[in-house]
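Chains Z and V supply the protein sequences, listed in that same order.
Quick note, the first sequence lines up with residues 141 to 402 if you use the numbering used here.
Quick note, the second sequence lines up with residues 1300 to 1726 if you use the numbering used here.
The block underneath contains the structure these notes are about, expressed in structure tokens.
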Amino acid sequence: MNNCAIEVHNLTTTYGGAPVLWDIDFELPAGQIIGIIGPNGSGKTTLLKTIMGLLEPSSGYVKIFDQDLEKMRERIAYVPQRESVDWDFPATVEDVVMMGRYRKANLFRRSNRTDLAVVAESIEKVGLTPFKKRQIAQLSGGQQQRVFIARALAQKADVYLMDEPFVGVDAATENAILSLLEEMKAQGKTVLIIHHDLQTVSDYFDYLVLLNTRLIAKGTPQEVLTKENLSNAYGGQLTLLAKVANLIKENEFPIREKDMDL
Amino acid sequence: MQTFIDFISFKDPNVLYVVLGMFFINGSSAMIGTFAFLRKRALIGDAIAHALLPGICLGFMFSGDKNILYLFLGAFATGWISTYLVDYIVNQSKIKQDAAIGIVLSVFFALGIVLLTYIQNAGYSNHGGLNLFLFGQAAAIGKSELWIFAVIFITILLLIILFYKGFTTVAFNADFAKAIGLPVKTIEFLLTSLTVLSIASGIQALGVVLMSALIVTPAAAARFWTNKLPKMLGIAVLFSVFSGFIGAFVSYSESGTPTGPWVVMILSLITLLSFIFSTKRGILARYLQARNNKLKIRHENILKAIYQYHERIGRQVRLDQKLSATDILGIRIFDTSELQKGLRRLIRNDYIRKTEDRYQLTEIGAKESKRIVRLHRLWEQYLLKRTTIDTYHVHSGAEAIEHILSPEIEAELKRELGIEGIPEEDF
Chain Z
141 MNNCAIEVHN LTTTYGGAPV LWDIDFELPA GQIIGIIGPN GSGKTTLLKT
191 IMGLLEPSSG YVKIFDQDLE KMRERIAYVP QRESVDWDFP ATVEDVVMMG
241 RYRKANLFRR SNRTDLAVVA ESIEKVGLTP FKKRQIAQLS GGQQQRVFIA
291 RALAQKADVY LMDEPFVGVD AATENAILSL LEEMKAQGKT VLIIHHDLQT
341 VSDYFDYLVL LNTRLIAKGT PQEVLTKENL SNAYGGQLTL LAKVANLIKE
391 NEFPIREKDM DL
Chain V
1300 MQTFIDFISF KDPNVLYVVL GMFFINGSSA MIGTFAFLRK RALIGDAIAH
1350 ALLPGICLGF MFSGDKNILY LFLGAFATGW ISTYLVDYIV NQSKIKQDAA
1400 IGIVLSVFFA LGIVLLTYIQ NAGYSNHGGL NLFLFGQAAA IGKSELWIFA
1450 VIFITILLLI ILFYKGFTTV AFNADFAKAI GLPVKTIEFL LTSLTVLSIA
1500 SGIQALGVVL MSALIVTPAA AARFWTNKLP KMLGIAVLFS VFSGFIGAFV
1550 SYSESGTPTG PWVVMILSLI TLLSFIFSTK RGILARYLQA RNNKLKIRHE
1600 NILKAIYQYH ERIGRQVRLD QKLSATDILG IRIFDTSELQ KGLRRLIRND
1650 YIRKTEDRYQ LTEIGAKESK RIVRLHRLWE QYLLKRTTID TYHVHSGAEA
1700 IEHILSPEIE AELKRELGIE GIPEEDF
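Listed below in structure tokens is the structure:
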């Protein structure tokens, strides 16, 4: 693919021995809003975490703009699930968004004027300027989600990975995120979003990855959202796959013979 | 009293060592404990503290002497191994962290007691004082220990300042810290090492059994008072150092009593007081808030009843009638003593004036009563317009809400209902 933002090559990630992602292969186009869909427990978050290098794959690799992740870290921003942190942490909106400016290289440096300006701009973009001094526990769920997105914006990255940003948010937040996505697309950014609501999928995304442990389909929404693909992913036709995965786990069986077809 | 004066005037140079020692020990553990607390790893401190005992014994057996450096190195090693073991058990099995801590803590402590007994029976000379490590004896702090504690305190302080960004990011969201390429492994290693160091510096004075309180409790108490991390660190240090002083003093004046229990008692008292009195999160503040709300509702209900009385006789525009308490009770049922209390308060606040046994609204009282009725009716209108609600329930639904609607919400309600321009008296 020309202009490929993320390449996932023959990726397998296991959790406690059982494969959660199994032989996944795809290339994602740059400059598009891309949705990752699939039923609960289909490995969506695992995929995002493996791309981000938070989980070690048991085989395969990920490349970002044809480079190793470590070289590209500063060009990717990550928005974890809102529930993954304790919002009672003693920090304000500004403090959290400032974390988006932290780098290995500036770990020991004080935040400078550029950092402050970028933070203010990112908070403004998600409409939280009136709340910037507020402790993060005193925000609504939607506002907390916007804090996470502002933190990612402050990273000034080219690729954004978001884990379920639309879950449990109010209409105002949903609209704010959607118009941000439009803006990011216009700037040529690539956005990868885990999404669970099939109703809105074709409105939100240019490109889709349909997942259920294995890759079921990829392509434009028209190509992916066929009856056959959806029933493959959601219809319980893959019980055999789950059974094999369980066998592997219970017998501590290797998921592939060593060094095969890499 | 004389003991206290002796104590604070450092008449005995040992007292100065003790006070400085408590400052360094409690300051270090409160600072690094705040991060352990925020990382939800506060209990690990308990495992570490108990695991130091076998290390101290091994250090003693190795050097054959109570050389503080050997004891310290032994303690540091076993302390570190214990946290590593807890993490290893959690990662490699289905055992959860609480159970893993329980297992590791008791194994190491048991080993420590076994070694301690062995030392006492094996004819080591000069083993006396090792059992002080169980409950701690601040008076045992001497000049050589003081140097070590000071170095540890300064190391922890400097590293927290230097790694402040890294420590906070890892404590808040370790996955994100990893995602932006921060050296999370190094940062976690530092946090653990500093925790072990601070606990190791405290066991001589506080004892292995109670040292973990110095990691958890100051942070827990400080959290009640602030939402800002730098302030939280400062308050935690303040509480802990203060408890250290008092504990050392009591231990000093009641010569021979262990220091650890006293420090922990005082620290816990501070935490309890924080729980009750803290301005935002304490139960007292919440109780007062609830009480204020109740009073506000009572006063507003009285004013509303007076308004409704006027409405019944068709004089709601002027609101100038003089009512008896019975008149008010004819509109709305109040508990008589509560009504009397409420009326007295309203008189004091100039909402109502009393002439003989009759009550009359003042100008601001009249205004206030109109405002409450207005809010009640606006909310009723809003519910009817925007939701499906049984008309019988509209009134009761508005009854409580009218007391909480702010002027901003009132303006928004008017805008939504499109009744901006209508004179207030018409609805």
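Beta carbons: idealized from backbone N, C-alpha and C, even for Gly.
Being a predicted model, the structure only gives us computed values, none of them experimental.
| Item | Value |
| --- | --- |
| Whole angstroms are fine: how far does the CA of Asn143(Z) sit from the CA of Glu323(Z)? | 20 Å |
| According to DSSP, simplified to helix, strand and coil, what is Met1561(V)? | Per the sequence shown, the amino acid found at residue 1561(V) is Trp instead of Met. Correct three-state label for Trp1561(V): helix. |
| For Phe205(Z), name the three-state secondary structure that DSSP assigns. | coil |
| Three-state secondary structure (DSSP) at Met239(Z)? | helix |
| Can you have a look at Phe1726(V) and say buried or exposed, based on whether 16 or more other CB atoms are within 10 angstroms of its CB? | Model confidence at Phe1726(V) stands at a pLDDT of 47, short of 50, so the residue's coordinates are unreliable; what they give is reported in the following sentence. Phe1726(V) should be labelled exposed. |
| Using a Cβ cut-off of 8 Å (strictly closer), state whether Thr1635(V) contacts chain Z. | no |
| Are the CB atoms of Ile1514(V) and Ile1447(V) within a distance shorter than 8 Å? | no |
| So who's on the other strand from Gln275(Z), going by DSSP bridges? | Thr232(Z) |
| Is there contact here, the region 1517-1533 of chain V with the region 1331-1350 of chain V, by at least three beta-carbon pairs under 8 Å? | yes |
| Can you tell me whether Val1314(V) is buried or exposed, with buried defined as 16 or more other CB within 10 angstroms of its CB? | buried |
| Classify Met192(Z) as helix, strand or coil using the three-state DSSP reduction. | coil |
| What are the boundary residues of the alpha helix (DSSP H) that includes Thr1686(V)? | Unbroken run through Thr1686(V): none, as it is neither H nor E. |
| Would you report the Cα separation of His1609(V) and Ile1601(V), rounded to the nearest angstrom? | 13 Å |
| Identify, in the order they occur along the chain, each residue of the same chain with its Cβ nearer than 6 Å to the Cβ of Ala1341(V), setting aside the five sequence neighbours on each side. | Ala1335, Val1515 |
| What are the boundary residues of the alpha helix (DSSP H) that includes Asp163(Z)? | First-last for Asp163(Z): 158-169, but that is the beta strand (DSSP E), not the alpha helix (DSSP H). |
| Taking 8 Å as the CB-CB limit, is Pro230(Z) close to chain V? | yes |
| Along the region 1563-1595 of chain V, what residues have a CB closer than 8 Å to any CB found in chain Z? | none |
| Anything in chain V within Cβ reach of Met239(Z), meaning under 9 Å, just list it in chain order. | Lys1464, Thr1467, Thr1468, Phe1471, Asn1472, Phe1475, Ala1476, Ile1479 |
| In the region 1686-1701 of chain V, which residues sit with their C-beta less than 9 Å from some C-beta in chain Z, listed in chain order? | none |
| For Leu1433(V) and Val1508(V), which I take to be in contact (beta-carbon distance under 8 Å), what is that distance rounded to the nearest angstrom? | 6 Å |
| Would you mind working out which of Phe1462(V), Leu1456(V), Ile1394(V) sits nearest Phe1322(V), comparing C-alpha positions? | Leu1456(V) |
| To the nearest angstrom, how far is it from the Cα of Leu1674(V) to the Cα of His1692(V)? | 16 Å |
| State the DSSP-derived secondary structure class of Ile1479(V), mapped to helix, strand or coil. | coil |
| Please check if any C-beta of chain V sits within less than 8 Å of the C-beta of Gln275(Z). | yes |
| Roughly how many angstroms lie between the CA atoms of Leu1337(V) and Ala1521(V), to the nearest whole one? | 12 Å |
| Ignore the nearest five residues each way along the sequence and tell me which others in Lys389(Z)'s own chain have a CB closer than 6 Å to its CB. | Gly157, Ala158 |
| Using a beta-carbon distance cut-off of less than 8 Å, what residues from the region 1350-1375 of chain V approach chain Z? | none |
| Going by DSSP in three states, Asp401(Z) sits in which element: helix, strand or coil? | Only weak support is given to the placement of Asp401(Z): the predicted model assigns it a pLDDT of 47, under 50, and the question is left unresolved by the model. |
| Since Val299(Z) and Thr330(Z) are thought to touch, with beta carbons under 8 Å apart, how far apart are those beta carbons, to the nearest angstrom? | 5 Å |
| Mind listing, in chain order, the continuous alpha helix (DSSP H) runs of no fewer than 4 residues lying wholly within the region 1639-1688 of chain V? | 1662-1685 |
| Could you tell me whether the region 298-313 of chain Z touches the region 188-195 of chain Z, where touching means 3 or more Cβ pairs closer than 8 Å? | yes |
| Cβ closer than 9 Å: which chain Z residues qualify as neighbours of Met1531(V)? | Pro230 |
| If contacts are defined as beta-carbon pairs under 8 Å, then Ser1542(V) and Leu1566(V) qualify, I think. What distance do you get, rounded to the angstrom? | 4 Å |
| Can you tell me whether Thr366(Z) is helix, strand or coil according to DSSP? | coil |
| Beta strand (DSSP E) containing Ala145(Z): first to last residue? | 144-155 |
| If I'm right that Ser1381(V) touches Phe1361(V) with Cβ under 8 Å, what's the distance once you round it to whole angstroms? | Incorrect: roughly 19 Å between the Cβ atoms, too far for contact. |
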